[in-house]
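Participant:
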Amino acid sequence: MLCLAAPILTLTSLGAPGDWPMFRGNSGQSGVASGALAEELELAWSFQAEGAIVSSPVVADGRVFFGCDDGKLHALDFESGEELWALATEDIIEAPPMVHGDTVYVGSSDFFMYAVDVESGQLKWKFETADKIAGGATWVAAPSGAKKGEAGAGRLLFGSYDTRLYCLDAAKGEELWRYETGNYINGTPAVDAGVVVFGGCDAVLHVVSVDTGKALAQVELGPDSHVAGSVALAGGRAYLGHYGNAFVCVDLKEHTTVWSHRHKSQPFFSSPAVGEERVVFGGRDKRLHCVQRSDGKEVWSFPTRRKVDGSPVIVGDKVVFGSGDGWMFVLSLEDGSELWSYEIGRPIMSSPAVVDGHVLVGANDSRLYCFGPAPKGPEEGIK
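In the numbering used here, the protein residues as written are 37 to 419.
(1) Work out the CA separation of Asp167 and Phe305 for me, nearest whole Å.
(2) Can you round the beta-carbon distance between Phe114 and Val100 to whole angstroms, since I take them to be within the 8 angstroms contact cut?
(3) Quick check on the burial criterion: 16 or more other C-beta atoms within 10 angstroms. Buried or exposed for Ser266?
(4) Could you compute how far the alpha carbon of Asp331 sits from the alpha carbon of Val294?
(5) Under three-state DSSP, which class holds Ile350?
(6) For a minimum of 3 consecutive residues, which ranges assigned as the beta strand (DSSP E) are wholly contained in the segment 268 to 356?
(7) How many Å lie between Lys17 and Trp336 at the Cα?
(8) Which stretch, first to last residue, makes up the beta strand (DSSP E) that contains Cys203?
(9) Mind pulling the beta strand (DSSP E) runs of 3 or more residues that sit fully within the segment 86 to 169?
(10) Taking the C-alpha atoms as reference points, what is the distance between Val284 and Ser156?
(11) Where Val152 and Gln158 are concerned, what is the direct C-alpha to C-alpha distance, given to the nearest angstrom?
(12) Give the DSSP-derived three-state secondary structure of Ser82 in the structure shown.
(13) Consult DSSP for Leu375 and reduce its assignment to one of helix, strand or coil.
(14) State the Cα-Cα distance for the pair Phe147 and Gly235, rounded to the nearest angstrom.
(15) DSSP has Phe407 in a bridge; who is on the other side?
(16) According to DSSP, is Thr48 helix, strand or coil?
(17) Can you check which of these residues, Ile128, Phe407, Gly171 and Asp55, is closest to Thr199 by C-alpha distance?
(18) What's the call for Asp260, buried or exposed, on a 16-neighbour Cβ count within 10 Å?
(19) Can you check which of these residues, Ile89, Leu112 and Glu334, is closest to Trp81 by C-alpha distance?
(20) Pick from Ile129, Glu119 and Val231: whose alpha carbon is nearest that of Gln84?
(21) Val355 and Leu367: beta carbons closer than 9 angstroms?
(22) Under a Cβ-count criterion, where at least 16 other Cβ atoms within 10 Å of its own Cβ denotes burial, should Lys343 be classed as buried or exposed?
(23) Hey, quick one: how far does the beta strand (DSSP E) through Ala253 stretch, first residue to last?
(24) Counting Cβ pairs closer than 8 angstroms, one from the segment 69 to 78 and one from the segment 120 to 127, do we hit at least three?
(25) Measure the Cβ-Cβ separation of Gly372 and Leu324 and say whether it is below 9 angstroms.
(26) Specify, as a first and last residue, the run of the beta strand (DSSP E) that Glu370 falls within.
(27) Assuming Asp345 and Glu370 form a contact by the criterion Cβ under 8 angstroms, report the distance between their Cβ atoms to the nearest whole angstrom.
(28) Does DSSP classify Asp228 as helix, strand or coil?
(29) Grouping DSSP H, G and I as helix and E and B as strand, with all else coil, what is Ala187?
(30) I'd like the span of the beta strand (DSSP E) that includes Val244, first residue to last.
(31) Quick check on Thr174: does DSSP put it in helix, strand or coil?
(32) Of the choices Arg403, Val176, Leu212 and Ala226, whose alpha-carbon is the least far from that of Ala270?
(33) Helix, strand or coil, according to DSSP, for Arg60 in the structure here?
(34) Which residues in the same chain have their Cβ closer than 6 angstroms to the Cβ of Glu290, if we skip the five residues on either side of it in sequence?
(35) With Gly223 and Ala264 assumed to form a contact (beta carbons below 8 angstroms), what rounded beta-carbon distance in angstroms separates them?
Dropping the structure here:
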């Protein structure tokens, strides 16, 4: 166990945290957080790592986990930002971790998926693929028909640049099935009702049975419509952007496109946040876009100075995201007006985790940042 760096602290108290245990917060990849954000945020702490942080942080049981270009999986204390442990891999970690129970799972560019004890940082098992792993994993319960112990504590689903989606016994790291696609898999698979849904760099939306690993549907997205982000599931529909310069909504029963929000020249890399009435996503056109969930018509867009590849999070009536221009923003979900911003100064490719009114995000300056509510002033009763 090695503490590599000390956090920079302010006096903000974090209190007992909730959970954001995986990329986008849940297995449906909705990108919607519970609770609310304060009108003003301030830096609670930051942690200095030894490489750029593209990996998106997750939070579970008072611990923060993230990967780094230093090749390590880091575990921090949510309250203080102090490092608890770090596990070294053989290459950079772009993938977001995922926590279930006493295990944190993370893929590395060294081709391995790692299962690590959350308390000690000790390796439980690792599984080798044939190329790097850039997306997160999703945990699902063993199928109801499985014999006791047949699938361990559950199943672990993740994609690799070797073009395969893998399903492992989450407890043992043993392969249960693999699903072949035609190109890289970059995103985190979304799961709902026994079905796993993901887009690939083969320009196909894949719908696969969690139990059998067999294809249920393959929806062609069009020429050069590679999918780099994760798919969000809501109400029987899949929401995703692609390199064909469009963001689309696909009906998962009919396997048809419900609507398409197109850009004249720029693709969509960011994963969406899907609220009750609105969908929010970043674009390579340097904007954050908000469209109506029902028909894809644009409600507003917010300009930044660089591409928005990181994925936004909806929190109540607000949306939070980082941009490649080095700024963090909180906007009104209603009209896209800017409510708060913070200049980090280096590109933000990581997507935020939102827990109990706190926002955690990594940046290319090798720091992980935690922002919390700013103290209220005397006019609000604080003396």
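Ideal placement from N, C-alpha and C gives every residue a C-beta, glycine not left out.
Facilitator: Let me lay it out:
(1) Within the sequence shown, numbered from 1, the residue matching residue 305 stands at position 269. Within the sequence shown, numbered from 1, the residue matching residue 167 stands at position 131. Our two residues, Phe305 and Asp167, have alpha carbons roughly 21 angstroms apart in a direct line.
(2) To locate residue 114, count along the sequence shown from 1; it is residue 78. To locate residue 100, count along the sequence shown from 1; it is residue 64. Right, their Cβ atoms sit about 5 angstroms apart.
(3) Indexing the sequence shown from 1 puts residue 266 at position 230. Around the Cβ of Ser266, a 10 Å sphere holds 16 or more other Cβ atoms; the residue is buried.
(4) In the sequence shown, residue 331 corresponds to position 295, counting from 1. In the sequence shown, residue 294 corresponds to position 258, counting from 1. In a straight line, the C-alpha of Asp331 is about 8 angstroms away from that of Val294.
(5) Sequence index remark: in the sequence shown, residue 350 carries index 314 (1-based). Strand.
(6) 268 to 270, 273 to 278, 282 to 287, 292 to 298, 314 to 318, 323 to 328, 334 to 339 and 349 to 351, all fully within the segment 268 to 356.
(7) Here the chain has residues from 37 to 419 only, and residue 17 is not among them.
(8) Residue 203 sits at position 167 when you count from the first residue of the sequence shown. Counting along the chain, the beta strand (DSSP E) containing Cys203 begins and ends at Arg200 to Asp205.
(9) You should have 94 to 96, 99 to 103, 108 to 113, 119 to 124, 134 to 136, 139 to 143, 148 to 153 and 159 to 164.
(10) On the sequence shown, position 248 is the one that residue 284 refers to. On the sequence shown, position 120 is the one that residue 156 refers to. Ser156 has its alpha-carbon roughly 42 angstroms from the corresponding atom of Val284.
(11) In the sequence shown, counting from the first residue as 1, residue 152 sits at position 116. In the sequence shown, counting from the first residue as 1, residue 158 sits at position 122. Each residue's alpha carbon lies about 6 angstroms from the other.
(12) Sequence index remark: in the sequence shown, residue 82 carries index 46 (1-based). Three-state DSSP puts Ser82 in a strand.
(13) Residue mapping note: residue 375 aligns to position 339 of the sequence shown, counting from 1. Leu375: strand per DSSP, three-state reduction.
(14) Numbered from 1 along the sequence shown, position 111 holds the residue referred to as residue 147. Numbered from 1 along the sequence shown, position 199 holds the residue referred to as residue 235. Each residue's Cα considered, the two are about 20 angstroms apart.
(15) Taking the first residue of the sequence shown as 1, we reach residue 407 at position 371. Residue pairing for Phe407: DSSP places it in a beta bridge opposite Leu79 and Val395.
(16) For the purposes of this step, residue 48 is taken as the residue at position 12 of the sequence shown. Summary for Thr48: the model assigns pLDDT 37, below 50, so the residue's position carries little reliability; its value from the coordinates is reported in the next sentence. Correct three-state label for Thr48: coil.
(17) Sequence index remark: in the sequence shown, residue 199 carries index 163 (1-based). It is Gly171 whose Cα lies nearest to the Cα of Thr199.
(18) For the purposes of this step, residue 260 is taken as residue 224 along the sequence shown, with counting starting at 1. Around the CB of Asp260, fewer than 16 other CB atoms lie within 10 Å, so the residue is classed as exposed.
(19) Indexing the sequence shown from 1 puts residue 81 at position 45. Nearest option by C-alpha distance: Leu112.
(20) For this step, residue 84 is matched to residue 48 along the sequence shown. In terms of CA proximity to Gln84, Glu119 leads the group Ile129, Glu119 and Val231.
(21) As a working note, residue 355 is residue 319 in the sequence shown. As a working note, residue 367 is residue 331 in the sequence shown. Their beta carbons are under 9 angstroms apart, which means Val355 touches Leu367 by this criterion.
(22) Position 307 of the sequence shown, counted from the start, is the residue given in the question as residue 343. Answer is buried; the Cβ neighbour count reaches 16.
(23) Within the sequence shown, residue 253 is the residue found at index 217, counting from 1. From DSSP, the beta strand (DSSP E) with Ala253 extends over Ala251 to Glu256.
(24) Counting C-beta pairs closer than 8 angstroms gives fewer than three between the segment 69 to 78 and the segment 120 to 127, which falls short of the contact rule.
(25) Your numbering for residue 372 matches position 336 in the sequence shown. Your numbering for residue 324 matches position 288 in the sequence shown. For the 9 angstroms CB-CB criterion, Gly372 and Leu324 form a contact.
(26) For the purposes of this step, residue 370 is taken as residue 334 along the sequence shown, with counting starting at 1. Unbroken run through Glu370: none, as it is neither H nor E.
(27) Along the sequence shown, read from residue 1 onward, the residue named residue 345 stands at position 309. Along the sequence shown, read from residue 1 onward, the residue named residue 370 stands at position 334. The pair is not a contact, with the Cβ atoms about 25 angstroms apart (cut-off 8 angstroms).
(28) The sequence position of residue 228 within the sequence shown is 192, counting from 1. When secondary structure is reduced to three states using DSSP, Asp228 falls in the strand class.
(29) The residue you call residue 187 lines up with position 151 of the sequence shown. Because the pLDDT of Ala187 is 41, which lies under 50, any placement of that residue in the model is unreliable, and the number read from its coordinates should be weighed accordingly. Ala187: coil per DSSP, three-state reduction.
(30) As a working mapping, residue 244 is identified with position 208 in the sequence shown. Counting along the chain, Val244 sits inside the beta strand (DSSP E) bounded by residues Val240 to Ser245.
(31) In the sequence shown, counting from the first residue as 1, residue 174 sits at position 138. Here DSSP, grouped into helix, strand and coil, assigns Thr174 to strand.
(32) Within the sequence shown, numbered from 1, the residue matching residue 270 stands at position 234. Comparing alpha-carbon positions, the option among Arg403, Val176, Leu212 and Ala226 lying closest to Ala270 turns out to be Ala226.
(33) Your numbering for residue 60 matches position 24 in the sequence shown. Looking at Arg60 - three-state DSSP - the assignment turns out to be coil, as it is neither helix nor strand.
(34) As a first step, residue 290 must be located in the sequence shown, where it is residue number 254. Answer for Glu290: no residue qualifies.
(35) As a working note, residue 223 is residue 187 in the sequence shown. As a working note, residue 264 is residue 228 in the sequence shown. Contact between Gly223 and Ala264 holds, with the beta-carbon distance rounding to 7 angstroms and staying under 8 angstroms.
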